[in-house]
Structure formats: structure tokens, C-alpha cells
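First to last, the sequence lines map onto chains A and B. Following my numbering, the numbering of the first sequence begins with 1 at its first residue and continues without gaps. Following my numbering, the numbering of the second sequence begins with 1001 at its first residue and continues without gaps. Beta carbons are placed, not taken as given, at the ideal position from N, Cα and C, and that holds for glycine.
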Amino acid sequence: MLPTPISCVALLALLSTLPTGEEQGAFLQDDKALGLALARVTQSDLATRLAVGESRQGRRIEALRMAGGEASEPRPAVLIVGGLECAEAWNSGLVLGLARRLTEEYAQDEAVRDLLDSTTLYFIPRANPDACQARFEKPLAEKPATGPGGDEDRDARRGEDGPEDINGDDVIAWMRVPDPSGEWMADALDPRVLIPVEGHPTQRWRLVPEGLDSDGDGKVAEDPPLDVEVDRNFPAGFEEHTPRAGAYATSEPESRALCDFVLAHPDIQMVLVYGSRDNLASVPEGVPDDAPDVQRLPPPPPRQSDAAILRELAQRYKKLTGDEGGERGDDSGTFARWCSEHRGLWTLAIDPWSIPDKEEAEDSGSKPAGEETSAPRLSRQARHLAWLEARGVEAHLGWEAFAHPTLGAVEIGGPRPYAESEPPPGQQDGLLQGQRDFLVSLGADLARLEIREASYRRLGGGLLEVRVTVGNGGRLPLFGVWARRTRTTRPARVELVLPEGGERLAGPPFERIEELDGGAEKELRWLVKASPPIGVRLESDHAGRERTTCTEVER
Amino acid sequence: MICLACLPLLLSPLLPPLQDEAGPQDGGSGFPGLPVGHTPRVEVAWNRLYDVEGLYAIFDRLVEAYPDLIEKRILGRSIENRELRVYVIHAPNAGEETDVPAMWVDGNVHGNEVQGGEAVAYLAWYLLENQGHNARVTALLERATFYLVPTINPDGRAHWFADAHTPHSSRTGVLPVDNDHDGTADEDPPNDLDGDGQIVQMRKYVPGEGNFRLNADDPRRMERVPPNDRGITGDWILLGSEGIDDDGDGRINEDGVGGYDMNRAWPSLWEPEHVQYGAGPYPLYWPETRSVATFILDHPNVAAVQSFHNAGGMILRGPGAEAFGSYPAADVAVYDSLGRKGERMLPFYRYMVIWKDLYSVFGGFVTWTYEGLGIISFTNELWPSKRRFPQEDGTGQGDAHFFDDQLLSGAGWVEWHPYDHPLYGKIEIGGFRSDVGRVPPTFLVEEELHRNAMFCLAHAEAMPEVTLSEPEITQLGPETYTVDVVLENKHLIPTRTARAREKHIGIPDIVTLHGQRVKVLAGGVRTDRFRPSAMELTEEQPYRILLEGGVPSRGRVRLRFFVRGSGDFVVRYGSQKARGQSRQGRL
């Protein structure tokens, strides 16, 4: 499906009646609020609204195209995606907040103007609206899956025994069940918190999602009605025969729509995916640039040269945002992995916020192996809970006794859904600023081709030697090592435009450029028989276009 | 147990209505393959290959002649909006279409590999002509459905027939692709320079500067001059397929129509273009492939798959790539049994593993239907050229000319003739026509179709058929009993392949016992026929025994329920790939 601009004239009339001062930092927005915020951004001349697709439940997935200056001219583009996962519904507001900030700053801020006058930005704030919707529904629950359910408990029935709110508190939480062989025990200093069993605790628990044994098989909430997660449904690293991955890669309308959006926009050079996974936290060494295929399959990227570039970007990201990065996480079947591994795009998976935990950082530092401290310490989970509660977040539900019809006496409670994944309101302004600074900084990284010299020299007899120098004004290479393998973006092309009757005597009809490092240049030569003017045309899908006329130089 | 020889007699009451309806032109005894005394109701010239309309017209006639047995459905549409048709063959007395195992048979996913379409049509025709007449076919259609797709790539087929092509071109679909990355799609195809409706070869006379010479006995044939240091050269060079540099980029014929491979598009072990040419940007990218996949996923009763390609004479199974590893031994045994039978039925066909014996294929169709869906699946590469000379090697260039000269009266060869090429100057154009090399000549088409259709029949007959024994009741005490039943599958293919079991594909087979005044105390599978206590008891819900492994190939599953109560009960068996069964009993 090709994206098409959406008319929002009618909406503009409505918006003019809305208060203009948005709550700076209120990232968490339901579909309606997000739609209005999106419409507000498109009041700017810089932004256009595009349709990306429709979710399984019929919600619209939309994008913003943002560009200043000669916006119709092809130029490098960055795609920024949020709202791909249920627990990350809040980051739709962050992504849209970035868009809004840039439109607000365009007139005054030179760096923003430079970026938008030379770069196209595509924002897809909520790529998975069905999953994000769970954040705003009652009972409150984290529901990452939006696609069809399988038969997870292998009882020849599909999705018949999912989690439920059985104590009527409008939250689907956890049940802890006393169990001598349970794998959980209470934290010594905060007994609300359950941690994996260590030693020989007096009380052990088993954790079960809140629910009943709806299918009477002795197991509780083991076969939910939905299984497929959109951000596991992309082709790279697709986990076939895994319920969360789906029947096949791109079986979900959302994942297919995102793929089609990328395919329809070959100007995209870089992708930023906001979510729970982070490929900037610790960029791997990568495999050698010329690593051979094994059983006809190339070792997964990054290649070493590309990894070095990613590390530089990661370093800058950390410096500008103060974010030390989250967990790399399992990226099987994710959108970010598809963009990187199959499309060869510079792809940054960003987990923009996590609970600051100095103790954890120290723990992972210099403590000698095997050293034990005798005094009890708060567990990681308890520290996170304390941090949230100190900021007024009701992050724990407590444990409430409940007589379960099949499990007997249990307690229902545990961490409040979403509490640990969402930054408290006070954190949000700084977060937006850091991400904005990083995004703006990327403008200077993108590969940008330019014609640095275009000249001809008369050789006599009507023959001209034409020299054209093409440079890359960005810091990134025109194509990374891996992108030259995937070849999903066409090489840049340089060709001469000769006047009528002109003849090319030596040199190709057009030169393809596949390799050009950041800051580097390449000289091309032709021999022609023609009367000037001699035109030069430079075209690249993702690094700009230029046309010029050659000037004469002396012999 | 009914003896096979008696079946025609037992089935004879079914015959009269068909004979009556058929009228005097019906031979009345089907058309099993005997040349005397049989006349088909629908006459089809099986010594020809048909364009899309012609191929669909055969089916239309079959639908008209056998409206109760075959139904046309539309799977989807191609890029050029042609119908993707699936024909469903299902006998009314077989129960619901999806309650019985089904065989999927398709052809022509590669547009130029056309005779697969006729093979599918022949299979349909053979089944319909013989249903009610021939005991084997009648019995099969009482327990099996067929989903028949004569062409998955109707656009490619249509263009191969209508336009100038080589034997190898029009393999792709027709969605434009910028194969040469110059910003324009499909702008430099081969060109029928001389307008004779064929794309053949170009050669140029370059005295003393070539690497080819003409065969001394037959100047039509080009021979490569072996590399040497003695200055011996040829007088000719070969310039490839007929064409010009349409887009002026210095290359010829490098960006033709389409430019992808719909048999590299399927979801299991799919790899992108930089690993596997033609795969597209993601699995099932093209509407033809997605429509087919959706249909198959919606029909979990499909228990056998056959896909027809050309050429070479092969019965292929996966894995398509070494990286997959091996198939489970139990499934390989099923494959081997069918594959070896196929080798006997199909002279000069070899039973092969795709990656090991042919080449690597990532994202192939039959590898998806097995690896992804757990269905025993074959690809047959039709037309082994050895069929031309069964007694000798006969696969050289000279043999091709001999065959064409002597058996086709030279009709397959376009004589070298001069042409003034815009780039190469004076050249000659000539070579074998597009319908030579990958498809059989007329007089061998029918045999090829018949043998392959019969291989499908053999494969379909191997689909599981489960019988449920009468319950055997043994009293243990007051109102307490054991109820024993045995599931038996006499056929080669299990109800759940080892692959399906390992990967939890689909849903398990299930056996239940219900009775109004009966409580099932325990139940499970007996693991040793001689030791009654050797059992795997179900954990919960003992009235409901799940069989992840299904009913094995030519095997039995023994089940025992411990029950308490009295009165009637019913035992039911259900499976996605075998007809359900039930038996009643009384305590």
C-alpha cells in the first residue's frame, strides 16, 4: 500500500478551538489524543500526514513527513518509529513530541533549520495502535500480543484460557501461590518484591498470571486468546513455530504496512526505533568486513567497519542524552532487525528511558568475582520500586489474599502494569531535550552527495575531456559495508547531459557509485565530442540529487 | 475388511446414475488408461499445451460435465488481474470437504514451466472420468478432497504463450522490478529482432578472432574452440539471446519483464535477495503467493502436496538448504517410500533432496509446506530429456538436432539467418524455439501427464485414514470398567508428521469419551500391547486424550479409559488430517 497524504482541513477548524499549550512532557496519550496532537503538528507547513496502513482491529497507522526548504527535492531521510510495543505506548508521545519540537524551533534554531532544510524526517509515532490501546483500557494489563492465538497448551483448543481480572480491581496482575518448590521468594528488605530463590527461604512462591483455569485442565491462564506480537513478526531472525512470531513473517497487517512504508521510501537512510530494545548500549565488535558465508548464509551484521560507526553514534547518543542505554534484548523478528539486516539501513534501536540504578552500575563494575557482602541489600527489583515510589509512582499493587477456585489461597498483586517501563512525568522534559539534540545532530552524519567540480578541457578537434568530482558531505559512507551486500538501495548514478549532436567517445553512459566514505570524493572522467554546455546529473535515492553545468578549465 | 477385487461389485449400485446421465457418448466404464472400449465424457487433446484461457477452458468443461464433483473457486488475482483459480474435487458422498484429508496439487509457479498446468488438468480429468467407474479412484474420492491449482503464475504463463520468449524466460511474475538499478523498471528485455515470435541466439562472424567454430558435419552447431597456445582461434562469437541495448546502458537484455522468483517467496527458511535471488523484500510479497498461502493456511486438512515444475525428471523433497539440517527419520521414511515408488512410475525421474542433489533453495514452496506446515510435499521437475533416447545417453547438442530433424521434421529449430544489429553490425540469429528443451514434444506430452497424475494418485492414497475399533469393555468392579479402543491408520502418511509433532504445528489429534451417566476416572495411551499397565496417563481431563504424535504411519494407537457409571457412551476421534470417527458402547 502506498502512503497517501491525508487531508486534514476539517480537523484544523476543530483544532483552532483547542488550547494551544500542550502539557509539555505528557507523553502518554491515547489514540484520540495522539491523533489530535498529530493533527496539530501538521498545522505547520513543514509537516504532511501520510497513511501507513491499518491495524488488525482497524485502527489507522499514520506517519508525518517533515521537511523544510525545497521539500520536494529528494534528500536523505530518517524514519523515527515509536509505539511498536504495548509497554512502550508512552513513547508515541516522545516521538510526536520530537516532531512538534522541531516544527516549533524551525524558525529560530539554526541547527533545526539546517536539518529540516536538508533532510526529510518521517515520524510514525504509533506503529502498533492495537497493542498500545491496552494501556488505556480496563482492566489494566500489559498485552503485547495483537495477532491470532495458537494452541499454546496443546489441548486442541485455541486461546481458551487467558489471564483475567478475577478480583475485580480493574488490573490483571499476578498471583503468588505458596509452593515449596516455587522459584520465587520475598526480598529481605521489601517483602512485597519477589526475587528468584537463593538459599533456603522459609517461604517460596510460584508466580502465575491472574486468571482462572477456564478450560479445566489444571493450569491457569496458560493459553491466551492472542499470541502474535507485531514486533516479532518481521522477517529478519523470524522465529518460525513460536507463538509470538506469528504464522509467517509479515502475517500481521501492521508489520506488512511498516515494511511497505520502508519500501515505498527509498530515501530513508537511517531508522530510529524507540522501544524496549537497545542496540546502542553495547555495540558488538562485528564480524570482519569480508566474513565468508557459511552454508550460503552470511554471518549476521554488523560488519566491523559498520560497527565502528555505530559505536561512534552510540557514544554521541550517550553524551547528548545522558542515557546509558537499556538492555540489548532479543531482537528476533523485530522491525529494527529487518531494517538493519535485510534492508542495510543504519538502524538505531533506542530504549530512551530506564530506571537509573547506580548500584547496578557499580555491581557490574569492579566487584571481584565471588565476593559476598554480608549485610542484606535491596534487590534490583526493590531498588527500582523504591525509586519509583520516591517519585510518587504507585508502582506496586501490594498483595491481596484471594480464595482461588482451583489454586486455593493465593495472593493477587505485584508490580503495577506499565509502572517500570514509563518515565514518571518529572523525567519527561529532559528526556525530550536529549533525544531532540541527538536527532538534530544526525543531520551532519547522513551521507550527502554533491558535485564538487564539473569541468571540461578542450583537447582540440572538438574533443572535450570532462571531469566530474562527486563528494560525500556527510560523515557516514554512502553505503555501509553491509548495505553494499544487501544492495536494497540503488547505487548513486552520475551521467553527462550532452547537447544535441554530442557524442560520448569514452566513458560509460552513467557511472554507478556504490562506495564513497564520509568526506571522501571521487573523480569521474569522460571524453566527448560536443559543443558546450555539458550538463551533469547526479542522482541518488537516499543521498540527494544535483544538476549542474560544466565550466571550462585551461589545458 | 473388504477385499479389493470385490469392490467393483460392491460399488456397482453407484454406477447406473452416472451412466444414465452420461448418455450414449460415455464409454460407461471410465477411462483408466486402457485403449480399447473406453471413451471419456470430456475429450481433451492431451498432446498439446495450452495458454491460460485454454487451460482454464479444460476445467470449465470438466465443471460443466461433473458439476457435483468439481467446483471452481477464486483464490485471488494476479498482478495483471487474472484469476487465480483453485478447483476443488470432492465427492458428495465423502462428507464435508474439510472433514477429509486433502491433496494440494499446483503447477506453473514459474510462468515458463507450463506443462505442470496440464498435469494438474489431467489429474482432475482422470479423477472425474473414473469416479464411479474405477474402484481405486472411487474409493479415493470417498475419503479425500483435491485442491487443484493449474497455474499459480497465470501472468507468466500468458506471456510465455503470447510473446516471444526463450524456453527459460517468463519464469517471473510481471510486477515491474528495476533489476539493473537504473531507476527504470523492465526497460531492457530481450527483443524479437526479426519478428518471428521467438527469442533465439545471436552469433557473429569474426574471422580469426572468435572462440567458436562451426561443426564440420553440421554448421548449425557451434563448438567452442579449446583454449590453446598455438594460435588456433574460431571464426565466430556467440552474443547471447536476441536483443538490443534498449536503455543505452551498455548492457543487453539485463532488465526484462518482472525479475523475481515466486518459488523463493515462501515463509520457511526464507532469505532476502542478497542471499537468494528473486526472494522479494519479505515472504509472500506478491499477491499470487500470498493468496495461495492464505488458502492453504485456511485448509488444515491438506495432508499431501505436489507441485509441478520443469525440467529434468526429478522427484524433489527438501530440505532446500544445508543450513536447515535434516528431516526427522520417520518423515524421511515416508518420503523415501513415495519417492522410490515415483522413480518406478516415472521413467528417468530421480528421487532427490533439493540442496544436496540439485541446488540450494531458500523459501521454496514445498519446503514451506513441509517445514512450516508439516505436510509431506514433493516438487516434480517434469520432462527428463533422456526420454528422447531411452536407450542411449543422447543429451548432447547433436542429439537435440537429430531428434528435431528426425522426429519433429525440423520444426523446433530456427535456421541461422542474417540480421543487421544496431550495435554488433551484421550478425546471424538462430536456435531452438521456446517450446524445445523444457517441454515434451506432442507425442510424449500425454505419457508425461498420465504418469505424473498417477504419482499424485499414489501420494493421495497414502494420506491417512483412521479407523476406530469397537470399544472393548472390561469390568473391574461394581460399575467400574476399562474401555479399550484402538486407532489404526493403514496408510503411509501419519495423521501428524514427525515435523508437525516436533514443532507443534496445527492441533493434536484428540480422542474423547462421553456418557451421560459415565465418569471417566483416568485415561491414556497404552505403550505396550502385552502389558496393560504400561500407560501414559493424561494429566487432567481424562475423558479427553490428546495425541500430539497422531496416529503413525501404518500403525496403531491403543487407548484405555477407566470409567465408572452405567449406560451409553460414545468415543470420538478427531484429527485435522483424517476423517473423524466415533463408536458407541454401553456399560
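Would you say residue i faces chain B, with C-beta separation under 8 Å as the test?
i, result
"cysteine 259 (chain A)", "yes"
"glutamine 24 (chain A)", "At glutamine 24 (chain A), the pLDDT of 40 sits below 50, so the modelled position is not reliable and the matter cannot be decided from this model."
"serine 366 (chain A)", "Because serine 366 (chain A) carries a pLDDT of 48, less than 50, the predicted location of this residue cannot be relied on, and the following value inherits that uncertainty. Chain B, which has no Cβ nearer than 8 Å to the Cβ of serine 366 (chain A), makes this no."
"leucine 569 (chain A)", "This structure cannot settle anything about residue 569 (chain A), because the visible part of chain A is limited to 1 through 555."
"leucine 263 (chain A)", "yes"
"aspartate 146 (chain A)", "Reading off the sequence shown, one finds threonine at residue 146 (chain A), where the question assumed aspartate. For threonine 146 (chain A), the answer is no, since every Cβ of chain B falls outside 8 Å of its Cβ."
"lysine 539 (chain A)", "Here residue 539 (chain A) is glutamate; the residue named in the question, lysine, does not match the sequence. Yes - at least one Cβ of chain B is within 8 Å of the one on glutamate 539 (chain A)."
"histidine 241 (chain A)", "yes"
"histidine 342 (chain A)", "yes"
"alanine 249 (chain A)", "yes"
"proline 253 (chain A)", "no"
"arginine 75 (chain A)", "no"
Starting from the Cα of residue i, find the closest Cα among the options and give me that residue.
i, options, result
"leucine 1358 (chain B)", "B:Glu1113, B:Arg1579, B:Asn1093 and B:Ile1315", "B:Ile1315"
"glutamate 514 (chain A)", "A:Glu539, A:Trp526, A:Arg135 and A:Glu500", "A:Glu539"
"valine 1302 (chain B)", "B:Tyr1285, B:Arg1496, B:Asp1180 and B:Arg1350", "B:Arg1496"
"arginine 232 (chain A)", "A:Arg135, A:Pro201 and A:Trp338", "A:Trp338"
"threonine 548 (chain A)", "A:Phe438, A:Pro509, A:Arg525 and A:Glu495", "A:Glu495"
"threonine 520 (chain A)", "A:Leu98, A:Leu476 and A:Thr103", "In the sequence on display, residue 520 (chain A) carries alanine and not threonine. Checked all of A:Leu98, A:Leu476 and A:Thr103; the closest Cα to alanine 520 (chain A) is A:Leu476."
"arginine 328 (chain A)", "A:Leu310, A:Asp351, A:Ala51 and A:Leu407", "A:Asp351"
"arginine 558 (chain A)", "B:Ile1507, B:Leu1239 and B:Gly1524", "In the structure as shown, chain A starts at 1 and stops at 555, and residue 558 (chain A) therefore has no counterpart that could be examined."
"serine 1078 (chain B)", "B:Gly1107, B:Val1439 and B:Val1174", "B:Val1174"
"lysine 138 (chain A)", "A:Asp165, A:Ser118 and A:Ala145", "A:Asp165"
Cβ of residue i less than 8 Å from any chain A Cβ?
i, result
"proline 1150 (chain B)", "no"
"lysine 1577 (chain B)", "no"
"valine 1570 (chain B)", "no"
"serine 1434 (chain B)", "no"
"glycine 1248 (chain B)", "yes"
"alanine 1304 (chain B)", "no"
"lysine 1503 (chain B)", "yes"
"alanine 1321 (chain B)", "yes"
"glycine 1023 (chain B)", "Residue placement at glycine 1023 (chain B) is poorly supported in this model, since its pLDDT is 39, which falls under 50; the coordinates are not used for a value here."
"tryptophan 1270 (chain B)", "yes"
"serine 1360 (chain B)", "yes"
Does residue i pass the burial test, meaning 16 or more other C-beta atoms within 10 Å, or should it be called exposed?
i, result
"alanine 1304 (chain B)", "buried"
"glutamine 1025 (chain B)", "In this predicted model, glutamine 1025 (chain B) has a pLDDT of only 42, less than 50, meaning its place in the structure is not dependable enough to derive any value."
"alanine 107 (chain A)", "exposed"
"phenylalanine 261 (chain A)", "buried"
"tyrosine 1277 (chain B)", "exposed"
"isoleucine 1074 (chain B)", "exposed"
"lysine 319 (chain A)", "exposed"
"serine 1434 (chain B)", "buried"
"arginine 1529 (chain B)", "exposed"
Quick one: measure Cβ to Cβ for residue i and residue j, integer angstroms, because I've assumed they're closer than 8 Å.
i, j, result
"glycine 83 (chain A)", "alanine 127 (chain A)", "5 Å"
"glycine 1256 (chain B)", "proline 1189 (chain B)", "4 Å"
"phenylalanine 1593 (chain B)", "arginine 1387 (chain B)", "Any property of residue 1593 (chain B) remains undetermined from this structure, which presents chain B solely from 1001 to 1587."
"valine 81 (chain A)", "phenylalanine 335 (chain A)", "7 Å"
"arginine 1143 (chain B)", "alanine 1094 (chain B)", "6 Å"
"glycine 443 (chain A)", "threonine 119 (chain A)", "5 Å"
Is the shortest distance between the beta-carbon of residue i and the beta-carbons of chain E less than 8 Å?
i, result
"arginine 547 (chain A)", "This model lacks chain E altogether, as its protein chains are A and B."
Checklist entry - If you measure beta-carbon to beta-carbon, which residues of the segment 281 to 301 of chain A are closer than 9 Å to chain B? => result Asp293, Val294, Gln295, Arg296, Leu297 and Pro298
Item to check | chain B contacts made by the segment 194 to 228 of chain A, where a contact means CB separation under 7 Å | outcome: Gly216, Asp217 and Gly218
Checklist entry - Residues in the segment 1530 to 1556 of chain B with C-beta within 8 Å of chain A's C-beta atoms, listed in sequence order? => result Glu1539, Glu1540, Gln1541, Arg1544, Leu1546 and Glu1548
Checklist entry - In the segment 506 to 529 of chain A, which residues sit with their C-beta less than 8 Å from some C-beta in chain B, listed in chain order? => result Pro508, Pro509, Phe510 and Arg512
Next on the checklist: If the cut-off is 7 Å on Cβ atoms, which residues from the segment 1272 to 1285 of chain B count as contacting chain A, listed in chain order?
Outcome noted: Pro1272, His1274, Val1275, Pro1281, Tyr1282, Pro1283 and Leu1284
Next on the checklist: Please identify, using Cβ separations under 8 Å, the residues of the segment 483 to 496 of chain A that lie next to chain B, in order along the chain.
Outcome noted: Arg485, Thr486, Arg487, Thr488, Arg490, Pro491 and Arg493
Next on the checklist: What are the residues in the segment 1173 to 1188 of chain B lying within 9 Å of chain A by C-beta distance?
Outcome noted: Asp1178, His1181, Asp1182 and Gly1183
Item to check | Where the segment 1364 to 1378 of chain B meets chain A: residues whose CB sits under 9 Å from a CB there | outcome: Trp1368, Glu1371 and Gly1372
Item to check | chain A contacts made by the segment 1480 to 1511 of chain B, where a contact means CB separation under 9 Å | outcome: Glu1502, Lys1503, His1504, Ile1505, Gly1506, Ile1507, Pro1508, Asp1509 and Ile1510
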